[in-house]
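Engineer: Mind looking over this structure? Questions follow.
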């Protein structure tokens, strides 16, 4: 069994996350994946934005960069461009990456830059007290949607796929061991990769929407998730309230830092 | 007069904020005055949080540091706050925390171990209800009638149903009886019910929201950011009743742009935010200046730069609010200091924005935004705010228009009569490029000079609406403190104490209207003072710089604070002594 402690800054414990929050499950899954690949701590630069999940970078013993709200991917792009040999992992949330940081998310996927994004999707702004996020389901309640959310929600994974990411997977904290595999593949993949993790926020979402505590929410996640394979045989209507899990995209596309290196070589070549 | 300060402290996630606010209401229903301070760490769970309530039979000027009753839901609470306990005060805690009683007794205070968790459990409640038990115990110890707490429990838990209400009531009553019978005699500070005027409890953000609502605010767009969010949530909650369009945007750039768009077609639009969000809004702030659109940004300050101390307080955005943006355009910046002024400014900001067709920035901070205070009901005059839409053309006016409508007509005072899109006689263009009276892009130098001068002329015109600073205390004093915003309350208490010791020691000049600075009205107030000291929650004495820049008056002495915590009267007096010591030493 993996000794998680070698990757953790224990002096920063206890964690800030609420009882029943799924973020800790994702943290452990990430550490298992990193350990399996056998990356040394110095090879990793972990970048996060602002929000509950983004506080993760405070607890891990990698090179970490806790930045401003929505901008983690833009900072990470700078890190990767300046030090392409580093494994750059972004830890972010649904609000951070797809509301205020939506533009950076789309354009990083378009460039297909070799960054792995672990996106914690809890359908709400937890840290600021339960405001509606771009993935809050239509009709759900939030502190800024007291009469129910009138907006359609994002398909975050679909967005990354359409924008050009090499690898996209969606998992849930209910199936943590499968999550390990997605995260491992995402880190190994050359190109922009996204693992969207469905994770419960009992404090800001579950209570308000009467789903219950963390355990009830994880059960709810289990009941509503279907595999990609199963989903391919289901109608759009049947899929309405479902979370489709699995590897959604795994393809080879030119990667940005590679392209950039080739450009450097070509320009140098023509100058000599 | 009797007064008492209590602190309930524990971990984030133990419901301190709602308990504290609820108890403020209960005290108010018992005829007592309250003044609260909310102190949170930026985390959802864990970490020390506390809620301080000062209560008194008489009106309260400010919160103060000495504590009479400390309710510790964690051992850390005792470690942090024991140093502020007064002799005869008490510390209430659950025996499971294993607090060393001698530490409390060493401070001549009374240890009160109360099995809060057991009391909650025996009444059929959960661990979370330990705070309800704690409040029940407070009532028991201080002779405060429990019925007021029970009535607040009924109101606050109404949505959760009778079962939850009854358990909470039972928990509160049981803790009350337990505390009163075992410890009521030993604790000497009381909070006895007062009969008299009906009052209400309100914080700064609620007052701003109410002022804006009364002034016809019908559009609010925002992105979550503490401590601005609660204005958005308050207006959201009442959106159905008062017909407010509310829009949570994908970021602050979108939030402010939505309000500019809404204002363009006639909405009374407001955007609450904090410094980080305001930074993102700056580009559109310039657009609003260029298009001459009336928007109100409420800038609820917290420490910066960047994320900094996200849940705390500071006053370090003043010069930024006044200067943010490339280029020059008129803007108005105001900063209320009391809850009543928050209400007035909430309404006034919308009026000023439409009157001068330009952005207005209303500045507060976390301390003022979240501090609950009692107000006499007639202190909030719903009739006092009148809606002023400025030079807005009515349909009748527009029917009579002959020829082309000029949205940016050159006028003496810089204000062009404003049509809203949708009338056939006034189809008009607007552009972020420099433009002529018709809103058409024009690069000619002479047009640029005339149009820029027309816009900037509004700053001069607006001086008519800019008030001189308020003065507090006696006309003549040895020391004149100069302040803005939330600092007023603790500073007033500090001034009162100085004057009680030696009469005519101190008075205060408080700035609400900060930009454009009405220099001619300010000079008579500032001049001929014996000694000026600014008191500000920032590192660089920004109000001092602003006054030097606009009036030429250079204030040499400052009492500053930038630790993220609000000023207290004690802090101000202590630092005044330090200034005097420094002065004597040359």
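Protein chains in written order, with the working numbering: chain A, 69 to 340; chain B, -12 to 573.
Every residue gets a Cβ at the ideal spot worked out from N, C-alpha and C, and that includes glycine.
Should residue 106 of chain A be labelled buried (16 or more other beta-carbon atoms within 10 Å of its own) or exposed?
Structural biologist: For this step, residue 106 of chain A is matched to residue 38 along the first chain. Classification of residue 106 of chain A: exposed, given that the 10 Å Cβ count is below 16.
Engineer: Please report whether the beta-carbon of residue 214 of chain A lies at a distance below 7 Å from any beta-carbon of chain B.
Structural biologist: By one-based count along the first chain, residue 214 of chain A stands at place 146. True, the Cβ-Cβ gap to chain B drops below 7 Å.
Engineer: Please determine if the region 179 to 191 of chain A and the region 153 to 169 of chain A are in contact, where contact requires at least 3 C-beta pairs separated by less than 8 Å.
Structural biologist: Segments in contact, yes.
Engineer: In three-state terms, what does DSSP make of residue 270 of chain A?
Structural biologist: Here residue 270 of chain A refers to the residue found at position 202 of the first chain. It is helical.
Engineer: What residues from chain B crowd round residue 268 of chain A, counting only those whose CB sits closer than 9 Å?
Structural biologist: Here residue 268 of chain A refers to the residue found at position 200 when the first chain is read from its first residue. The premise fails here: residue 268 of chain A is roughly 13 Å from chain B at the closest Cβ pair, so nothing lies under 9 Å.
Engineer: To the nearest angstrom, report how far apart residue 133 of chain A and residue 352 of chain B are at their CA atoms.
Structural biologist: As a first step, residue 133 of chain A must be located in the first chain, where it is residue number 65. As a first step, residue 352 of chain B must be located in the second chain, where it is residue number 365. Between residue 133 of chain A and residue 352 of chain B, the C-alpha separation is close to 28 Å.
Engineer: By the three-class DSSP mapping on this structure, what secondary structure does residue 155 of chain B have?
Structural biologist: Here residue 155 of chain B refers to the residue found at position 168 when the second chain is read from its first residue. Here residue 155 of chain B sits in helix by DSSP.
Engineer: Name, going along the chain, the residues of the region 191 to 213 of chain B whose beta-carbon falls closer than 9 Å to a beta-carbon of chain A.
Structural biologist: Here the close residues are 209, 210, 211, 212 and 213.
Engineer: CB residue 400 of chain B to CB residue 440 of chain B, shorter than 7 Å?
Structural biologist: The residue you call residue 400 of chain B lines up with position 413 of the second chain. The residue you call residue 440 of chain B lines up with position 453 of the second chain. Not in contact: residue 400 of chain B and residue 440 of chain B (Cβ atoms no closer than 7 Å).
Engineer: Kindly identify the DSSP beta-bridge partner or partners of residue 260 of chain B.
Structural biologist: If you number the second chain from 1, residue 260 of chain B lands on position 273. Residue 260 of chain B is bridged to B:286.
Engineer: Between which residues of its own chain and residue 99 of chain B is the CB-CB distance below 6 Å, once the five residues before and five after are set aside?
Structural biologist: As a first step, residue 99 of chain B is located in the second chain; it is residue number 112 there, counting from the start. Around residue 99 of chain B: 77, 79 and 170.
Engineer: Please give the ranges of any alpha helix (DSSP H) in the region 164 to 203 of chain B, keeping only runs that are unbroken, at least 4 residues long and fully inside the region.
Structural biologist: Within the region 164 to 203 of chain B, the complete alpha helix (DSSP H) runs of at least 4 residues are 191 to 201.
Engineer: Scan the region 196 to 227 of chain A for residues whose Cβ lies nearer than 7 Å to a Cβ of chain B and list them as they occur along the chain.
Structural biologist: Answer set for the region 196 to 227 of chain A: 196, 197, 199, 200, 202, 211, 212, 214 and 215.
Engineer: Just how far apart, CA to CA, sit residue 115 of chain B and residue 562 of chain B?
Structural biologist: Within the second chain, the letter at position 128 stands for residue 115 of chain B. Within the second chain, the letter at position 575 stands for residue 562 of chain B. Whole-angstrom Cα-Cα distance: 40 Å.
Engineer: How do the region 542 to 558 of chain B and the region 336 to 344 of chain B stand: do at least 3 beta-carbon pairs fall below 8 Å, yes or no?
Structural biologist: Flag = no, the region 542 to 558 of chain B and the region 336 to 344 of chain B do not touch.
Engineer: Let's test the definition: count the other Cβ atoms within 10 Å of the Cβ of residue 157 of chain B and tell me whether it reaches 16, buried, or not, exposed.
Structural biologist: Here the question's residue 157 of chain B lines up with position 170 in the second chain. Buried: at least 16 other Cβ atoms inside 10 Å.
Engineer: Determine, using beta carbons only, whether residue 174 of chain A comes closer than 7 Å to chain B.
Structural biologist: Counted from its first residue, the first chain places residue 174 of chain A at position 106. No, its Cβ sits nowhere closer than 7 Å to a Cβ of chain B.
Engineer: List the whole-angstrom C-beta distance separating residue 11 of chain B from residue 21 of chain B, where the pair is believed to meet the contact cut-off of C-beta under 8 Å.
Structural biologist: Within the second chain, numbered from 1, the residue matching residue 11 of chain B stands at position 24. Within the second chain, numbered from 1, the residue matching residue 21 of chain B stands at position 34. Between residue 21 of chain B and residue 11 of chain B the Cβ distance is about 5 Å, and since that is below 8 Å, they are a contact.
Engineer: If we cut at 7 Å on Cβ distances, does residue 193 of chain A have a partner in chain B?
Structural biologist: For the purposes of this step, residue 193 of chain A is identified with residue 125 of the first chain, where counting begins at 1. Yes, contact with chain B.
Engineer: On the DSSP bridge assignment, give the partners of residue 191 of chain A in chain order.
Structural biologist: Working through the first chain from its first residue, we reach residue 191 of chain A at position 123. According to DSSP, residue 191 of chain A bridges with nothing at all.
Engineer: Please check if any C-beta of chain B sits within less than 7 Å of the C-beta of residue 160 of chain A.
Structural biologist: Here residue 160 of chain A refers to the residue found at position 92 of the first chain. Judged by the 7 Å Cβ criterion, residue 160 of chain A is not in contact with chain B.
Engineer: Going by beta-carbon coordinates alone, are residue 180 of chain A and residue 323 of chain A separated by less than 7 Å?
Structural biologist: Within the first chain, the letter at position 112 stands for residue 180 of chain A. Within the first chain, the letter at position 255 stands for residue 323 of chain A. Their beta carbons are under 7 Å apart, which means residue 180 of chain A touches residue 323 of chain A by this criterion.
Engineer: Of all the residues that make up the region 257 to 291 of chain A, which are near chain B by a beta-carbon distance shorter than 7 Å?
Structural biologist: Here the close residues are 271.
Engineer: Counting only beta-carbon atoms, is residue 235 of chain B nearer than 7 Å to chain A?
Structural biologist: Here residue 235 of chain B refers to the residue found at position 248 of the second chain. Yes, residue 235 of chain B lies at the interface with chain A (some Cβ there is under 7 Å from its Cβ).
Engineer: Comparing alpha-carbon positions, which option in B:355, B:36 and B:534 lies nearest residue 287 of chain B?
Structural biologist: By one-based count along the second chain, residue 287 of chain B stands at place 300. The residue with the shortest Cα to Cα distance from residue 287 of chain B is B:355.
Engineer: Between the region 423 to 431 of chain B and the region 364 to 379 of chain B, can you find at least three pairs of beta-carbon atoms closer than 8 Å?
Structural biologist: The region 364 to 379 of chain B vs the region 423 to 431 of chain B: no contact.
Engineer: What is the rounded straight-line gap between the Cα of residue 165 of chain B and the Cα of residue 102 of chain B?
Structural biologist: By one-based count along the second chain, residue 165 of chain B stands at place 178. By one-based count along the second chain, residue 102 of chain B stands at place 115. So the two alpha carbons sit approximately 9 Å from each other.
Engineer: Within 10 angstroms of its Cβ, does residue 573 of chain B collect 16 or more other Cβ (buried), or is it exposed?
Structural biologist: One-based indexing of the second chain puts residue 573 of chain B at position 586. At residue 573 of chain B the pLDDT is 49, less than 50, meaning the model places this residue with poor confidence; the figure from the coordinates comes in the next sentence. So residue 573 of chain B counts as exposed.
Engineer: Identify, in the order they occur along the chain, each residue of the same chain with its Cβ nearer than 6 Å to the Cβ of residue 107 of chain B, setting aside the five sequence neighbours on each side.
Structural biologist: Position 120 of the second chain, counted from the first residue, corresponds to residue 107 of chain B. The answer, listed in chain order, is 116, 117, 120 and 158.
Engineer: Under the assumption that residue 350 of chain B contacts residue 308 of chain B (Cβ atoms under 8 Å), give the Cβ distance between them as a whole number of angstroms.
Structural biologist: As a first step, residue 350 of chain B must be located in the second chain, where it is residue number 363. As a first step, residue 308 of chain B must be located in the second chain, where it is residue number 321. With a Cβ gap of about 6 Å, residue 350 of chain B and residue 308 of chain B count as contacting.
Engineer: Tell whether a beta-carbon distance below 7 Å holds between residue 476 of chain B and residue 363 of chain B.
Structural biologist: Taking the second chain and counting its residues from 1, one reaches residue 476 of chain B at position 489. Taking the second chain and counting its residues from 1, one reaches residue 363 of chain B at position 376. The answer is no: Cβ separation not under 7 Å.
Engineer: Go to residue 143 of chain B, then tell me how far its alpha helix (DSSP H) extends in each direction, as first and last residue.
Structural biologist: As a first step, residue 143 of chain B is located in the second chain; it is residue number 156 there, counting from the start. Taken as a continuous stretch (DSSP letters only), the alpha helix (DSSP H) holding residue 143 of chain B covers 133 to 143.
Engineer: Any Cβ of chain A within less than 7 Å of the Cβ of residue 261 of chain B?
Structural biologist: Numbered from its first residue, the second chain carries residue 261 of chain B at position 274. Answer no: the Cβ-Cβ gap between residue 261 of chain B and chain A never drops below 7 Å.
Engineer: Whose C-alpha, out of B:17, B:260, B:280 and B:225, is nearest the C-alpha of residue 252 of chain B?
Structural biologist: By 1-based counting over the second chain, the position of residue 252 of chain B is 265. Ranking the options by Cα distance to residue 252 of chain B, first place goes to B:280.
Engineer: Would residue 136 of chain A pass as an interface residue toward chain B - the criterion being a Cβ-Cβ separation below 7 Å?
Structural biologist: As a first step, residue 136 of chain A is located in the first chain; it is residue number 68 there, counting from the start. True, the Cβ-Cβ gap to chain B drops below 7 Å.
Engineer: Let me know the secondary structure DSSP gives residue 346 of chain A once reduced to three states.
Structural biologist: Since the first residue shown for chain A is 69 and the last is 340, residue 346 of chain A is missing from the structure and cannot be characterised.
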